[in-house]
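Protein chains in written order, with this note's numbering: chain A, 1 to 188; chain B, 1 to 188.
Here's the structure we're looking at; comments come further down.
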DNA sequence: GGGGAACTTGAGTGTACGCTCCAGATTCAC
DNA sequence: GTGAATCTGGAGCGTACACTCAAGTTCCCC
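Structure representation (structure tokens):
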């Protein structure tokens with residue numbers, strides 16, 4: 001859609017505005033007027049670059065899901081340890097509250113919108129694979145099923161921790177994540 | 001608002017319709033037209049019984065949060081064990097998918113709406129207290145702060161499990177909850 | 001530097017929303 | 001049974017929304 005340099009820049013500004021509004025007020029908080037005003041752009045420009053409001057939101061969602069996974073360059077043959085993956089997730093939540101809010105709202109949105117649900121599930125599965133691989137690397141005695149189970153548990157707990165930390169400011173996500181790793185390690 | 005028998009019945013039908021729509025399509029899915037149609041009621045009747053659409057949604061939210069806690073009759077001096085509390089939560093999620101969906105969306109909604117956020121936080125705090133009391137009963141050597149910390153971790157994990165189980169149908173929440181209890185018990 | 005494609009703009013469109021209003025029906029305490 | 005309070009339905013109101021359109025401007029390949 002965007003072929004000229006200015007178009008690409010405008011597109012970026014629109015996506016940034018959408019991202020901010022989404023984090024601030026959820027899907028409801030994203031209106032065409034707000035997006036275009038925040039981006040300093042006319043309505044027509046928006047529709048020159050995006051098919052619909054939804055497609056801009058979807059683009060932000062896509063970027064957000066990508067952002068949860070650190071360096072996704074090596075898809076299958078990563079060499080990160082479980083500690084690193086957990087740490088990256090914690091950092092993601094605590095350091096990028098804007099994007100993290102969107103990410104955690106996605107789960108809720110996904111419960112409602114099938115298109116988003118599909119994307120969230122796909123991204124989730126990839127992350128489970130990655131966590132499971134790390135588990136096996138850490139504990140080679142683990143069979144594949146057990147590794148996946150452990151990975152699922154760790155990820156689900158982490159998600160819950162992230163959600164809780166946004167609900168309850170007194171929740172110390174980093175400390176709890178450390179506790180989680182200890183418990184999982186102790187159980188292995 | 002409702003003084004006559006018919007009024008109370010209508011109110012119930014409206015709340016039921018609101019609950020269904022909320023679970024099905026989130027906040028976005030709840031429109032006045034849909035609610036009144038589903039409840040088989042005129043718009044005027046709705047506004048005779050509720051101040052606004054929001055107040056009906058809020059009522060459902062309130063009921064939902066109450067539903068998460070089994071028998072809240074004995075506020076401070078409960079005698080339930082941690083296993084029971086966890087079991088009740090799992091049952092709640094798996095057996096009442098409609099209400100559970102709303103409950104899990106609440107976290108996301110709460111991130112956006114301060115009134116809902118306040119209610120969710122209050123309900124969350126009460127639940128932490130309850131879980132913490134159970135932890136201390138199970139493990140009297142635990143000091144208060146540690147019990148609360150453990151309770152927070154268990155609850156946050158459970159929330160994450162619930163969310164994951166709605167995202168990913170292959171996630172076995174009951175089994176993972178059992179694993180969670182084992183791990184927490186082993187660490188105690 | 002000419003020209004066609006890409007970009008920009010904002011007034012305007014149709015639609016769906018939450019909500020008001022009111023005239024008539026129903027309930028129920030007395 | 002009466003009457004005041006409550007309940008009911010739905011036409012209609014104002015508003016905000018996502019989106020269109022056409023006329024003008026900017027970009028950038030050649």
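C-beta atoms are modelled at their ideal positions from N, C-alpha and C, and glycine is treated no differently.
None of these values were measured; they are calculated from a predicted model.
*Report the rounded CA-to-CA distance for residue 12 of chain A versus residue 101 of chain B, giving the unit in angstroms.*
Indexing the first chain from 1 puts residue 12 of chain A at position 12. Indexing the second chain from 1 puts residue 101 of chain B at position 101. Using only the alpha carbons, I get a separation of about 34 Å.
*So which of A:140, A:123, A:94, A:146 has the shortest CA-CA distance to residue 163 of chain A?*
Looking up residue 163 of chain A in the first chain gives position 163. If we check each option's Cα against that of residue 163 of chain A, A:94 comes out closest.
_Neighbouring residues, chain B, relative to residue 168 of chain A (Cβ below 7 Å)_ = As a first step, residue 168 of chain A must be located in the first chain, where it is residue number 168. In chain order: 121, 124.
*Just the Cα atoms here: how many angstroms apart are residue 142 of chain A and residue 132 of chain B?*
As a working note, residue 142 of chain A is residue 142 in the first chain. As a working note, residue 132 of chain B is residue 132 in the second chain. For residue 142 of chain A and residue 132 of chain B, the distance between alpha carbons rounds to 33 Å.
*Does residue 110 of chain A get closer than 8 Å to chain B when you measure Cβ to Cβ?*
On the first chain, position 110 is the one that residue 110 of chain A refers to. Chain B, which has a Cβ nearer than 8 Å to the Cβ of residue 110 of chain A, makes this yes.
*For the stretch 91–152 of chain A, which segments carrying the alpha helix (DSSP H) assignment without a break, of at least 4 residues, lie completely within its bounds, in sequence order?*
97–110, 114–138
_residue 14 of chain A burial status per 10 Å Cβ neighbour count (16 or more: buried)_ = Here residue 14 of chain A corresponds to residue number 14 of the first chain, with the count starting at 1. Buried, by the Cβ-count rule.
*Closest by CA to residue 152 of chain A, which one among B:157, B:55, B:152?*
As a position in the first chain, residue 152 of chain A is number 152, starting the count at 1. It is B:157 whose Cα lies nearest to the Cα of residue 152 of chain A.
*asked:* List, in chain order, every chain B residue whose beta-carbon is nearer than 8 Å to that of residue 171 of chain A.
replied: Against the first chain, residue 171 of chain A aligns to sequence position 171. The answer, in chain order, is 152, 156.
*Indicate whether residue 168 of chain B and residue 98 of chain B have their beta-carbon atoms separated by less than 8 Å.*
As a first step, residue 168 of chain B is located in the second chain; it is residue number 168 there, counting from the start. As a first step, residue 98 of chain B is located in the second chain; it is residue number 98 there, counting from the start. Their beta carbons are not under 8 Å apart, which means residue 168 of chain B does not touch residue 98 of chain B by this criterion.
*Interface partners of residue 28 of chain B on chain A, CB under 8 Å*: Residue numbering aside, residue 28 of chain B sits at position 28 when the second chain is read from its first letter. Ordered by position in chain A, the residues that pass the 8 Å Cβ test against residue 28 of chain B are 27, 28, 112.
*If you compare alpha carbons, which of A:37, A:126, A:173, A:31 is closest to residue 92 of chain A?*
Your numbering for residue 92 of chain A matches position 92 in the first chain. Comparing C-alpha distances from residue 92 of chain A to each of A:37, A:126, A:173, A:31 shows the shortest one belongs to A:173.
*Does the Cβ-Cβ distance between residue 80 of chain B and residue 134 of chain B come in under 8 Å?*
Reading the second chain from its first residue, position 80 is the one you call residue 80 of chain B. Reading the second chain from its first residue, position 134 is the one you call residue 134 of chain B. For the 8 Å CB-CB criterion, residue 80 of chain B and residue 134 of chain B form a contact.
*Give the single residue among B:166, B:38, B:179 whose Cα lies nearest to the Cα of residue 96 of chain B.*
Position 96 of the second chain, counting from 1, holds the residue named residue 96 of chain B. Here the closest residue by C-alpha is B:166.
_Considering only their Cβ atoms, is the gap separating residue 61 of chain A from residue 119 of chain A smaller than 8 Å?_
Here residue 119 of chain A refers to the residue found at position 119 when the first chain is read from its first residue. Here residue 61 of chain A refers to the residue found at position 61 when the first chain is read from its first residue. Yes, the pair counts as a contact, with Cβ atoms nearer than the cut-off.
*Taking C-alpha atoms, which residue in B:28, B:90, B:136, B:139 lies nearest to residue 67 of chain B?*
Within the second chain, numbered from 1, the residue matching residue 67 of chain B stands at position 67. Nearest of B:28, B:90, B:136, B:139 to residue 67 of chain B, Cα basis: B:90.
*Using beta-carbon positions only, say whether residue 57 of chain A and residue 10 of chain A come within less than 8 Å of one another.*
In the first chain, residue 57 of chain A corresponds to position 57, counting from 1. In the first chain, residue 10 of chain A corresponds to position 10, counting from 1. No, the Cβ-Cβ distance between residue 57 of chain A and residue 10 of chain A is not below 8 Å.
*Between the C-alpha atoms of residue 4 of chain B and residue 113 of chain A, what's the straight-line distance to the nearest angstrom?*
Taking the second chain and counting its residues from 1, the one referred to as residue 4 of chain B is at position 4. Taking the first chain and counting its residues from 1, the one referred to as residue 113 of chain A is at position 113. Roughly 39 Å between the two C-alpha positions.
*Assign residue 49 of chain B to one of two classes, buried (16 or more other C-beta atoms within 10 Å of its C-beta) or exposed (fewer than that).*
Residue mapping note: residue 49 of chain B aligns to position 49 of the second chain, counting from 1. Buried is the call here.
*Within 7 Å: the Cβ of residue 179 of chain A and any heavy atom of the ligand GTP?*
The ligand GTP is not part of this structure, which contains no ligands at all.
*Taking the alpha-carbon positions, what's the residue 110 of chain A to residue 122 of chain A distance?*
Indexing the first chain from 1 puts residue 110 of chain A at position 110. Indexing the first chain from 1 puts residue 122 of chain A at position 122. Note on geometry: alpha-carbon atoms of residue 110 of chain A and residue 122 of chain A lie some 12 Å from one another.
*For residue 87 of chain B, go through chain A and note every residue whose CB falls closer than 9 Å to its CB, in chain order.*
In the second chain, residue 87 of chain B corresponds to position 87, counting from 1. The premise fails here: residue 87 of chain B is roughly 17 Å from chain A at the closest Cβ pair, so nothing lies under 9 Å.
_Pairwise C-alpha distance: residue 176 of chain A and residue 185 of chain B_ = Taking the first residue of the second chain as 1, we reach residue 185 of chain B at position 185. Taking the first residue of the first chain as 1, we reach residue 176 of chain A at position 176. Rounded to the nearest angstrom, the two C-alpha atoms are 16 Å apart.
*residue 52 of chain A, enclosing alpha helix (DSSP H) - first and last residue*: Position 52 of the first chain, counted from the start, is the residue given in the question as residue 52 of chain A. That residue, residue 52 of chain A, is in no alpha helix (DSSP H); it is neither H nor E in DSSP.
*asked:* So with CB distances below 7 Å, who are the chain B contacts of residue 159 of chain A?
replied: The residue labelled residue 159 of chain A in the question sits at position 159 within the first chain. Within 7 Å Cβ-Cβ: 160, 163, 164.
_Quick check: residue 148 of chain A and residue 128 of chain A, are their CB atoms within less than 8 Å of each other?_
Locating residue 148 of chain A in the first chain gives position 148, counting from the first residue. Locating residue 128 of chain A in the first chain gives position 128, counting from the first residue. The answer is yes: Cβ separation under 8 Å.
*Please go through the same chain and pick out, in chain order, the residues whose beta-carbon is closer than 6 Å to the beta-carbon of residue 31 of chain A, but skip the five residues on each side of it.*
Numbered from 1 along the first chain, position 31 holds the residue referred to as residue 31 of chain A. Apart from sequence neighbours up to five positions away, no residue of its chain approaches residue 31 of chain A with a beta-carbon distance below 6 Å.
*Who are the near neighbours of residue 33 of chain B in its chain, counting only those whose CB is closer than 6 Å to its CB and skipping five residues on each side?*
Residue numbering aside, residue 33 of chain B sits at position 33 when the second chain is read from its first letter. Counting only Cβ-Cβ distances below 6 Å, and skipping sequence neighbours, we find nothing.
*Can you find a C-beta in chain B that's less than 8 Å from the C-beta of residue 179 of chain A?*
Residue mapping note: residue 179 of chain A aligns to position 179 of the first chain, counting from 1. So, interface residue.
*Which residues mark the beginning and the end of the alpha helix (DSSP H) in which residue 20 of chain B is found?*
Sequence index remark: in the second chain, residue 20 of chain B carries index 20 (1-based). Here the alpha helix (DSSP H) through residue 20 of chain B covers 5–29.
*asked:* Quick check on residue 18 of chain B: buried or exposed, where buried means 16 or more other Cβ atoms within 10 Å of its Cβ?
replied: Within the second chain, numbered from 1, the residue matching residue 18 of chain B stands at position 18. Result: buried.
_Using 8 Å as the threshold, is the C-beta distance between residue 82 of chain A and residue 108 of chain B below it?_
To locate residue 82 of chain A, count along the first chain from 1; it is residue 82. To locate residue 108 of chain B, count along the second chain from 1; it is residue 108. Going by C-beta atoms, residue 82 of chain A is not nearer than 8 Å to residue 108 of chain B.
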